[in-house]
Amino acid sequence: VGDIDVSYIAGQGVLFETRIDGGFDSWMFSGQQMPGMDPALMARISAEAARVSQAALAGAEVDDSALEQLTAEAEQAAENFTEQQQRMGDQLREMREQKRDVERELRDIEREKRDIEFAQKVGKLESAQQKQLETLAKQQKDLQAKAADIQQKYSVAEADFRKQQQEKQKLAEQQQAELISKVGINMAQTLCDYGAGLRELTDNQFVALKLRTRGRANSDVYWVFNKADINACVAGKTSAGNLLKKASSYSY
1 VGDIDVSYIA GQGVLFETRI DGGFDSWMFS GQQMPGMDPA LMARISAEAA
51 RVSQAALAGA EVDDSALEQL TAEAEQAAEN FTEQQQRMGD QLREMREQKR
101 DVERELRDIE REKRDIEFAQ KVGKLESAQQ KQLETLAKQQ KDLQAKAADI
151 QQKYSVAEAD FRKQQQEKQK LAEQQQAELI SKVGINMAQT LCDYGAGLRE
201 LTDNQFVALK LRTRGRANSD VYWVFNKADI NACVAGKTSA GNLLKKASSY
251 SY
């Protein structure tokens, strides 16, 4: 969660704007795409982000050094995963090149073999030609087996590569949804704890939170809280959970 900007919209209420440096498709740290992170690290980042956002909304001094350290750990994890994916991609590319080289050599041998076989149809082969034909037939068989072996290994490696990508993608989407949900919960709790400071707003006005995200076609997430509902939570007449349920939420 990034810095929080506050603005007043005349006759309507207060708008808080913040961001998470990520999208629904992947996390982003320092502009680097990041797959789903280790769940334990995710939990630590979420907890620290909640502390920072609550302090910011309460108007207290914000110390985000711990969050920056956790972000650095996440960036390192992203870099490690990216390097692993690059190595796997390089291995796949090398196998494709090997298979192309083998297939090219196989075509050359088949061409030579056809030429000799054609000569055999129109006349008797010399002993050297017969020996060459036998050698070519053996080379053809060996290369066919080599090409099949490379293809089999490539298929296994590619399936593993795709599986890892899909698993990381799924984890990233789940974690992103969890983080957005926690931002909403933290906002509701903070309004219950510190909403009394919004005394200049009337009960028919609203407090809105705009969460800027990257990814998912740059959709932002909004929560709109009724000031009267916030007052009820401040007075202990309702809970933060109920306040969040009563809020309007949408993406745009």
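Under our numbering, think of the first position of the sequence shown as 1, with each following residue one higher.
For each residue, glycine too, the CB sits at the ideal point set by N, CA and C.
Residue pairing for Val-102: DSSP places it in no beta bridge. For Ile-230, the CB contacts under 8 Å within the same chain, skipping 5 residues up- and downstream, are Leu-191, Cys-192, Gly-195, Leu-198, Val-207 and Leu-243 in chain order. According to the DSSP assignment, Ala-172 belongs to the alpha helix (DSSP H) that extends over 127 to 194. Assignment of beta-bridge partners to Tyr-250 by DSSP yields Tyr-222.
DSSP places Ala-235 in the coil class of the three-state scheme, outside both helix and strand.
Judged by their CB atoms, Lys-210 and Asp-220 are nearer to each other than the 9 Å cut-off. Judged by DSSP in its simplified three-state form, Glu-112 adopts helix.
Collapsing the DSSP output to three states places Glu-94 in a helix. Burial state of Gln-69 is exposed, judged by a 10 Å Cβ sphere holding fewer than 16 other Cβ atoms. With contacts defined as CB atoms closer than 9 Å, Leu-106 and Ala-147 qualify as a contacting pair. For the pair Leu-133 and Leu-143, the CB atoms are not nearer than the 9 Å cut-off.
Within its own chain, the residues whose Cβ lies closer than 6 Å to the Cβ of Gly-184, once the five positions on either side in sequence are excluded, are Trp-223 and Leu-244, listed in chain order.
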